[in-house]
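**Student:**
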Amino acid sequence: MLDARAAHRAVAHEEDGRIFVTGGENEFGHEMDLVEYCTLPVGNSAEPSEAHSFLTWRRAAPMNLKRKYHALAYAKGKIVAVGGFIQRREVTRTVEDEYQKPEQ
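Below is the structure:
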């Protein structure tokens with residue numbers, strides 16, 4: 001990933017092999033709104049220990065809210081983030097479904 005984080009969520013897009021990572025917290029415990037994605041290599045040519053070196057991470061549009069420990073789903077071309085903790089450990093039940101799948 002481009003930014004180190006914990007408490008993030010990831011979702012896969014099976015047709016094109018992309019993995020999307022959203023939100024989480026940085027090393028200071030602050031919530032993040034970042035969305036990043038990478039494309040997995042095709043086939044089994046890379047050993048698992050080498051696979052990360054073939055990944056190129058890119059940024060997508062950020063989430064509307066900074067979130068951690070949220071639920072994440074991919075459906076009908078959109079990434080949907082649900083609930084989680086937002087700023088100052090406030091729990092939210094909001095839903096964001098504005099993420100269109102970025103074009104490659």
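Counting along the sequence shown from 1, when you hit position 96 you're at 96 in the UniProt record's numbering, and nothing is skipped either side. Where is the CB? At the ideal position from N, CA and C, for every residue including glycine. For clarity, every value in this text was computed on a predicted model and none was experimentally measured.
Using a 10 Å radius around the Cβ and a threshold of 16 neighbouring Cβ atoms, would you call residue 91 buried or exposed?
**Tutor:** Exposed, since its Cβ has fewer than 16 Cβ neighbours within 10 Å.
**Student:** Could you tell me which of 94, 88, 77, 81 sits nearest to residue 14, measuring between CA atoms?
**Tutor:** Here the closest residue by C-alpha is 77.
**Student:** Identify whether residue 88 lies in helix, strand or coil by the three-state DSSP scheme.
**Tutor:** Three-state result, residue 88: helix.
**Student:** Tell me the DSSP bridge mates of residue 14?
**Tutor:** Per DSSP, none; premise fails for residue 14.
**Student:** Would you call residue 28 buried or exposed, if buried means 16 or more other Cβ atoms sit within 10 Å of its Cβ?
**Tutor:** Answer is exposed; the Cβ neighbour count stays below 16.
**Student:** Who are the near neighbours of residue 2 in its chain, counting only those whose CB is closer than 6 Å to its CB and skipping five residues on each side?
**Tutor:** Excluding residues within five positions, the ones whose Cβ falls inside 6 Å are 36, 57.
**Student:** If I follow the unbroken beta strand (DSSP E) through residue 34, where does it start and stop?
**Tutor:** Per DSSP, residue 34 belongs to no beta strand (DSSP E) and is neither H nor E.
**Student:** Does DSSP put residue 72 in a helix, in a strand, or in coil?
**Tutor:** Residue 72: strand per DSSP, three-state reduction.
**Student:** Does any residue of chain E have a CB that is nearer than 8 Å to the CB of residue 30?
**Tutor:** Looking at the structure shown, chain E is missing, and only one protein chain is on hand.
**Student:** Please state whether DSSP places residue 6 in a helix, a strand or coil.
**Tutor:** Note: residue 6 maps to strand in three-state DSSP.
**Student:** Are the beta-carbon atoms belonging to residue 72 and residue 9 less than 8 Å from one another?
**Tutor:** For residue 72 and residue 9, yes; Cβs fall inside 8 Å.
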